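Numbering follows our numbering, in which position 2 of the sequence shown is assigned residue number 2; successive positions increment by one, without gaps.
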Amino acid sequence: SLISADPTVYFKEEFNDGDAWKERWVESTKGDNLGKFVLSAGKFYGDAEKSKGLQTSEDARFYGISAKFDPFTNEDKTLVIQFT
1 SLISADPTVY FKEEFNDGDA WKERWVESTK GDNLGKFVLS AGKFYGDAEK
51 SKGLQTSEDA RFYGISAKFD PFTNEDKTLV IQFT
């Protein structure tokens, strides 16, 4: 038998609009020795533009970042959190 899934995506970030991610994401300012996030495809990628994501930029630093999304409930439903 075939089962069809109709998932609801509550939050999706593709980092495909240059530095606009800085308006959606908030870096932590609490604490000392904080590093900065940068937008990068990393060292290994198939398509540099499609592979961009957040990257830590300094060794031996603390990092914290968050983004807002609309409130939701997944009561009685499975919640899947996925990133690549």
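Ideal placement from N, C-alpha and C gives every residue a C-beta, glycine not left out. Note that the structure is a prediction, hence the values are computed from the model and not measured.
Annotation for Glu23: the continuous alpha helix (DSSP H) segment containing it runs 21 to 24. Cα atoms of Ala20 and Val26: separation of roughly 12 Å, rounded to the nearest angstrom. Closest in alpha carbon position to Lys50, among Phe15, Ser4, Ala5, is Phe15. When DSSP states are grouped into helix, strand and coil, Gly64 belongs to the coil group.
The way I'd put it, the segment 33 to 47 does touch the segment 58 to 66; three or more beta-carbon pairs between them come closer than 8 Å. Assignment of beta-bridge partners to Thr56 by DSSP yields Phe37.
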